[in-house]
Each structure stands twice: as C-alpha cells, then as structure tokens.
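The listed protein sequences correspond, in order, to chains A and B. Every letter in the first sequence is one number past the one before it in this note's numbering, and letter 237, counting from 1, is 246. Every letter in the second sequence is one number past the one before it in this note's numbering, and letter 46, counting from 1, is 55. We treat Cβ as the ideally placed atom computed from N, Cα and C, and that holds for glycine. Notes follow the structure.
Protein chains: 2
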Amino acid sequence: MNELIYKGEMAKKAAFSLSTLSDEVKNNALIAIANALKNRAEEIISANNKDIAAAEEKGMKKAMIDRLKLDKKRIDTIAQGVVQVAELPDPVGEIVKEWTRPNGLVIAQKRVPMGVIAIIYEARPNVTVDAAALTLKTSNAVILRGGSEAINSNMALMKIMQEAAYSNGIPEGTLNLIEDTARETAVGLMKLNGYVDMLIPRGGQGLIKAVVANATVPVVETAAGNCHIYIDGECDKKMALDILINAKVSRPSVCNAVETLLIDKSIASDFLPEIYRELSKNNVEVRGCEECRKIIPDIIQATEDDWYTEYNDYIISVKIVDGIDEAISHINKYNTKHSEAIITQNQEKAEKFLNEVDAAAVYVNASTRFTDGFEFGFGAEIGISTQKMHARGPMGLEQLTSIKYVIHGNGQIRQ
Amino acid sequence: MNELIYKGEMAKKAAFSLSTLSDEVKNNALIAIANALKNRAEEIISANNKDIAAAEEKGMKKAMIDRLKLDKKRIDTIAQGVVQVAELPDPVGEIVKEWTRPNGLVIAQKRVPMGVIAIIYEARPNVTVDAAALTLKTSNAVILRGGSEAINSNMALMKIMQEAAYSNGIPEGTLNLIEDTARETAVGLMKLNGYVDMLIPRGGQGLIKAVVANATVPVVETAAGNCHIYIDGECDKKMALDILINAKVSRPSVCNAVETLLIDKSIASDFLPEIYRELSKNNVEVRGCEECRKIIPDIIQATEDDWYTEYNDYIISVKIVDGIDEAISHINKYNTKHSEAIITQNQEKAEKFLNEVDAAAVYVNASTRFTDGFEFGFGAEIGISTQKMHARGPMGLEQLTSIKYVIHGNGQIRQ
Chain A
10 MNELIYKGEM AKKAAFSLST LSDEVKNNAL IAIANALKNR AEEIISANNK
60 DIAAAEEKGM KKAMIDRLKL DKKRIDTIAQ GVVQVAELPD PVGEIVKEWT
110 RPNGLVIAQK RVPMGVIAII YEARPNVTVD AAALTLKTSN AVILRGGSEA
160 INSNMALMKI MQEAAYSNGI PEGTLNLIED TARETAVGLM KLNGYVDMLI
210 PRGGQGLIKA VVANATVPVV ETAAGNCHIY IDGECDKKMA LDILINAKVS
260 RPSVCNAVET LLIDKSIASD FLPEIYRELS KNNVEVRGCE ECRKIIPDII
310 QATEDDWYTE YNDYIISVKI VDGIDEAISH INKYNTKHSE AIITQNQEKA
360 EKFLNEVDAA AVYVNASTRF TDGFEFGFGA EIGISTQKMH ARGPMGLEQL
410 TSIKYVIHGN GQIRQ
Chain B
10 MNELIYKGEM AKKAAFSLST LSDEVKNNAL IAIANALKNR AEEIISANNK
60 DIAAAEEKGM KKAMIDRLKL DKKRIDTIAQ GVVQVAELPD PVGEIVKEWT
110 RPNGLVIAQK RVPMGVIAII YEARPNVTVD AAALTLKTSN AVILRGGSEA
160 INSNMALMKI MQEAAYSNGI PEGTLNLIED TARETAVGLM KLNGYVDMLI
210 PRGGQGLIKA VVANATVPVV ETAAGNCHIY IDGECDKKMA LDILINAKVS
260 RPSVCNAVET LLIDKSIASD FLPEIYRELS KNNVEVRGCE ECRKIIPDII
310 QATEDDWYTE YNDYIISVKI VDGIDEAISH INKYNTKHSE AIITQNQEKA
360 EKFLNEVDAA AVYVNASTRF TDGFEFGFGA EIGISTQKMH ARGPMGLEQL
410 TSIKYVIHGN GQIRQ
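Here you go:
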C-alpha cells in the first residue's frame, strides 16, 4: 500500500501544476517522449525479452505472447501514436458555455482536467504509452497498473517517458507506474479515494467485473461488446451480407465485432443458406436457434448461454426473429450496450431501431466495426465506454476532462 | 431483495417505453401529479401525521421533525415545484452534434434518458416528489429509497403520483418507492447492477460515505460542502464583509454555506477585529488559528479537525494565510470540491485562484451561496455533484441524461 499512497500523493500534487500548462509545453514533451522511445528501442526490447522469456516458461498462449511482444517496428508505431496525440486539439481550457444572470454574475462552464486518472489493464505494453500520452495531453496525472507479465517492459517504457517528460517542463509525479504486481495492490488502487478522480479498466470481462465489484473510486466501465446485427425483411441482401461478414471476420477479437445475427423470419428460409455458406467459407462456426436448424440441420444448436456470449472468435450465434419488435427485445435483453446495427431499406423501421435499442452506438446499414475513436474522427481513444454516466462510446480526449463553473461577480450576495 | 428485483425489472421495462414519449405527454402527467397532490392533501397529511407521531415518540430532534412535516402550504409549494419542472425545456432527443465522415457515415450525438435512476435520501418527503418530477421529465424510470422515518408520507405521495401519472400516458413501472425500510435493502439497491444506470445519494456525509463504500452501480457523489472564502489583501473591505456574512448566515445548514475564512496576513490585524465583531453580532462562533488569537484572544483555538469540518451551523473557522499561494494550498488540501471564493480587486490573483483551486464552482467577488440550480438558471436540481465524472456542480435536467451515437450509413464496411 505504501507505493500506492506515495504515488497517489505525487500524482495529486502534479495534477495541480499540470492544469495550468500550455498546450505547447505538453506537445513538446509528447514529441520528446516519441523520440526517446525510438532512440532507446534497444533498452525497451531488452526489458521486453525478459517478459517474453518468463511468459514462455509459464506456458502463456501464443496469442497472448504476441500481444506482449515489442520489436523495433512496433515501438516505431507506438511512438508514432504519441506524435498523433500531440497533433490533436487540446480540449483543456475551452469555455463550453458562458452566460450572465439577471444579478450580473457571469457564469462560465470551463473544461478542466479530470485530475488523477488510474488505468488498470492487461499485459499489453502499448497501452502503457497510449494511456500516458492521452492523459498527459489532457493535463491529467496518471497512475498505471498493467498486467504483471509485462512488468519489465512497462518499467522500461515508464522510465524513458518520465525522463523525456520531466526534462521538458512536465511536473514530476505526472506519470506513475505501480511496480508492485500483487493482486492486492490492484484492489488497493481501486479504493484509492481522495487521490483517484477516475478509474478506467481496460481489458476483458473478468477485469471489468473485478473493478465494478471492488472499486470505491469513480469508474468508467469499458469494452465488453456483445454486438448484434438485425437483418430486416426489407433489406438489400448484398449489403446485408457484406456488412455481416465485415463485422464478424475483419477482426473477430475486438469489442465492436458482431457476435449474434438476428434475421427476420420472412426472409430466413431464402437468405439463411446463402449467409451460412458465406460464413462457413470464412471459417466462422454457426450456432443457431431451433428454427435455423430446421432450415440448415448442420447448424449447431445454440444454448441460452450463447445469446450472452462475446465470443471474440470465429463463432457467431444466429436467431430467427418475428420482425423488428422481437429483434429489439432480444438485443435489449442480451446486449452489453456497445454497438448494434439494423440492415433495412425501410426508414420507419430504421428510426424505430435507432430510438429503441439501448446501446452506445446504433447503426443503420453500416458495420458495427466503426465504433472506434479514429473511425468517429476523435483520434486516439482510451477505450469504449459501455455505461451511461460521464462518457458513452469511444472515449477520446474530451472524455478525459471534467468541467468547472467559473463565476465572476462584483459583490453579489444571495437574497 | 425480492422487492428490489421486482421493482428493478419494472423500472427497466418502463424505461424502454419512456424513451419515446413526447414532451407533451410528460408535461400533462406532471400537471396531473401537481393537481392530484393538491387535491389529495388531506390524505398526505394524514399519512404524514403517523410519521410525525412515531418520530416524536422516538425523540427525534426538532429540526429533523420540521424537515419531515407536511402541511397544506408545504404541499402546495411541492406541487408548484412539479409545475415548474413541467415548464422547463426537455433536453431528451436534442442532437448535441452531428458530422459526416469521409466514408459518408453520418454520426449524430443524441441526448437520451439515463434509463433507471435510483435515489437514496433522508427523511424529507419533499425529495420524493422533486426526484420523481425531475426523472419523469427526462424520460427516466426512478427507484426511490427515502429515510424510514418518512415511510408513510412517502407511500402516500408515491401512490398519488403513480395514479396521476399512469392514468395520463406514463408507463407503469416508471415511479417506484422501495417500501422495505431495512438497511440491507438500501445496500441491495446500491448493488442492483443490470437495473440501475445511475445512483444519486442525497444526504449528509454518513450517507454519501456508505454509498461510496458499498455501491457497485455507477454513483454521482453529491452535497458535502466544506466551502472557503479567501479575503485577499487587495480587496474592497465592505464587499468582503457583506459576502462573508451572506455566505455564513443566510442559511448555515446548506452545503453552499461558507465554513472557513482565510484572510491575508497583510490586512488581518486591521480587518479581523471588524470581521469578528460582525460575525459575533450574527451569533457566529469563531474558531481561529494561533495568529488569529494573537489579534483577538477571545477567539476559540481551532484544531486540525476544524479545517476539515462542514459545520452546517453558526460556526466558522478562520486562518490567517501568507498570501494567495497558502490560501490555494489550504483549500486544495481541506475542501470537498464544492464552492470556493476569493474577494480581491487584483485581476491577476483572481484568475490564479479561479484556475488553481479545484472545485465545482469557483467565485471571484461573490457569495458561495449561488451554487444552486435556480441561481445558475438551470431550474430545479437533483443535487450538487462534488465529483468530476459525468456531472459537476448543480445537476439539472441535462445531467439526468446520457448520450447515444446514432449512425446512418449506406452499406459502409470497415477497411
């Protein structure tokens, strides 16, 4: 716990000075960080090699080891991401609204940093740099707690970033990595009230659940995406098929990939065989409802669990529904409020779907894969919020800020 | 727990239909509620009498009994508040922003209801009606859990509101009161994930702390106000005194009242005696630092605890500080991030204070008492947020909403 309190104090102190830094100072520091990462790539790779060796010894899965691995090219990409963050407009200091009250008080709603942001994430060293860059750009201090398997990589990255930032006008204490990898320390960070203004968990369902159950500091839930596509009876079939395949197979491991297809019964017997063929050609396993299996007996029987599952894999569940009302009810029961799409040529049904489906992003005639900071035009993001408070959907720079009411008077007292 | 799950399900179901109701339907229902409350005042008073009798038997404090008491005049005022909420503009459905991406996707950020809002509060029956009106106006379902001492009053109010609302187009399940007054039921409501989109505790420090420690649903912290006024050396003394007295004595029991006076040492020996005289004349007990007591030995010695204390009473703590930097450090160490004021004629110091003090509302040359929904021009509010996520400062109708991204495409897939 000592490390938490110490770094909490440091971060809180730094946050006060950070709030008055100019965009220029912050951008220079970000460029310095990007250059330092590229120039000291050997140092990073050598630390990363230790993590990789330990992971291999522990028998970590190939896909996980791949996410952990850093090489010259990946470090260049990460550094390029930092430069991109520097190039984004700085939201801090913006006057969102300003108005004058009848008594002469001038009230301004001003965008200010959040203060201290904590981020708990898995063994992905690129997140260490992304998160530091986004929080620094928005004048926040950060406390990072990455997966223990990446600790050597994270320590090397943090040291390089700190040296570059602190020698370029950023107050000491702005960038913090929790080096104690014990689970209790992560739980301690979730309860660091008085120091942490916002905690963002970035990772799978298990991590999010642990954070929601344990945290006493304010949390933004992110990431779980059990996304649906509803293919309406009145659709352009070619468009429907293109969108479905894109949403399922362009990157099955990400949160905005589709997991369940709902199809209107009026077109199911005609259209499902073609869909099934195309999915199979793309190596996607199909699990379907009873009605699906009447049309295509080869389809595996879906269980109640399937409707709740975010596969993150080449698997899709399929349900034949009796029109848009059943589609909307199914989605509102099983979804994780991430991204949902309808494919239809009927404007009225499109609007009904957009209004009644409860999710951060609702689409008509487009792939769910677009729920992403870059695709929305926000630039880099820290995650996708799936809750309704504070931020919803892709969290870019603006979502890392708060507001403050700044009031100018000339002696007003309240009657 | 059965009552919680049952009402949670009801509220969640109602929330889906509520999101598409017109402002007209909601306003008609609010007017019907206001009329029903006035017409059925006898029924309310008779239920309230039971609560008052029980409270007197238990030896409840006079001030608390007064907050609990309802009479014809108070019910009229409460009903008038509901009419005022009906008259406010409806934020739901507003397109906050809309833009087109290079690939032709049209992305709109649309204001939507939060869904299900839970509110835990003390034995103040007026909050039952306020909270129901504000959440209904913003198309949210609500689950209320008021202090057990007001249970009969709350049940009568809720029954009348439900009958008026449900016979005027509002879906059943929109308005809910938890009738089980056991503490465990309140804790159960704090953990009702999957049903509650936002929980707002309204009450004293004890309630807020219990909610922060126990809640697993998203919470907005409200209300605690350890507010400061810093009187700078370069100030208009008459203005300083007027503002200080207004902030302390116009209503000492509320969260935006001042609790600590900081005064620049350059004017302390001249000005403090006058301030002390004026505070004493207003029956305010003064607790001061060592330096204060050198000037006025009658002042009671303040302890470290005093700097942390929200008295909510005719008591103030006073500290002589060495200029604006010490004032800002003191405030940022001890405040609850509610409302803070500087009294100065020096523009540069004013801006420094406004920038560097961390609080929801920062004032120059005005009373802290203005942090309030009506005073800001928002109309009725559900509370004052003292955290930085989602909402900060007075929470009006807009702060009871979330946003949703609505995306129109014509077949876009992600490259």
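Output, in chain order, the set of chain B residues within a Cβ distance shorter than 8 Å of A:F2.
This structure cannot speak to residue 2 of chain A, because chain A is shown only from 10 to 424.
Any chance the segment 85 to 98 of chain B sits against the segment 134 to 141 of chain B, with 3 or more Cβ pairs inside 8 Å?
yes
Which residues in chain B have a C-beta closer than 7 Å to the C-beta of A:R110? List them in chain order.
G386
Which residues does DSSP list as the beta-bridge partners of B:W108?
B:I116
Could you check whether the Cβ of A:V221 sits closer than 8 Å to any Cβ belonging to chain B?
yes
Under a Cβ-count criterion, where at least 16 other Cβ atoms within 10 Å of its own Cβ denotes burial, should B:V1 be classed as buried or exposed?
Chain B is shown from 10 up to 424; residue 1 of chain B falls before or after that span and cannot be answered.
Three-state secondary structure assigned by DSSP to B:P122
strand
Buried or exposed: where does A:Y15 fall if 16 or more other Cβ atoms within 10 Å of its Cβ makes it buried?
exposed
With a threshold of 8 Å between beta-carbons, can B:D241 be considered close to chain A, or not?
no
Would you say A:V295 and A:I276 are within 8 Å of each other, going by their C-beta atoms?
no
Assign B:T86 to one of two classes, buried (16 or more other C-beta atoms within 10 Å of its C-beta) or exposed (fewer than that).
exposed
Under 6 Å Cβ to Cβ from B:A38, same chain only, skipping five residues before and after it: list those, please.
A174, N177 and I179
Residues in its own chain within less than 6 Å of B:K274 by CB, not counting five upstream and five downstream?
I329 and D331
Which residues in chain B have a C-beta closer than 8 Å to the C-beta of A:I416? List them in chain order.
A370, V371, Y372, V373, A375 and F379
In chain order, what residues of the same chain lie with their CB nearer than 6 Å to the CB of A:F383, ignoring the 5 residues before and after it?
none
Whole angstroms is fine: what's the gap from B:K257's alpha carbon to B:V267's?
5 Å
Report the neighbours of A:H399 on chain B: residues whose CB is nearer than 7 Å to its CB, in chain order.
M398 and H399
Alpha carbon to alpha carbon, how far is B:N163 from B:I152? Give it in angstroms, no decimals.
12 Å
From the DSSP output, in three-state form, read off A:K82 for me.
helix
Would you give the residue range spanned by the beta strand (DSSP E) that A:R154 belongs to?
A150 to R154
Within 8 Å, do at least three Cβ pairs link the segment 42 to 60 of chain B to the segment 192 to 200 of chain B?
no
State the start and end residues of the unbroken alpha helix (DSSP H) segment that holds B:D273.
From DSSP, B:D273 is part of no alpha helix (DSSP H) but of the beta strand (DSSP E) over V267 to D273.
For A:L111, which residues from the same chain have a beta carbon less than 7 Å from its beta carbon, with the 5 sequence-adjacent residues on both sides left out?
Note on residue identity: the sequence assigns Pro, not Leu, to residue 111 of chain A. Correct list: empty, nothing qualifies.
Just to confirm, does B:D99 get its C-beta within under 7 Å of one of the non-hydrogen atoms of the ligand ATP?
Looking at this structure, you won't find the ligand ATP or any other ligand, since it has none at all.
Three-way DSSP call (helix, strand, coil) for B:A6 in this model:
No information on residue 6 of chain B is available, as it lies outside the stretch 10 to 424 that chain B covers here.
Closest to A:S262 by C-alpha separation, out of A:I324, A:Q356, A:I351 and A:D32, would be which residue?
A:I324
Taking Cβ-Cβ distances shorter than 8 Å, what residues in chain A pair up with B:R49?
Simply none; closest approach about 33 Å.
CA-CA distance, A:C244 and A:E172?
57 Å
How is A:Q424 classed by DSSP in three states: helix, strand or coil?
coil
Where B:K413 and A:E158 are concerned, what is the direct C-alpha to C-alpha distance, given to the nearest angstrom?
36 Å
Exposed or buried, A:K82, counting other C-beta atoms within 10 Å across all chains shown (16 or more means buried)?
exposed
Completely contained alpha helix (DSSP H) runs for the segment 321 to 358 of chain A, where each covers 4 or more residues:
332 to 343
Assign A:A140 to one of three DSSP states: helix, strand, or coil.
helix
Quick check: is the beta carbon of A:K246 nearer than 8 Å to any beta carbon in chain B?
no
Take every Cβ of the segment 350 to 357 of chain A, pair it with every Cβ of the segment 386 to 398 of chain B, and state whether three or more of those distances are shorter than 8 Å.
no
Residues of chain A with CB under 7 Å from B:P227, in chain order?
Q396 and M398
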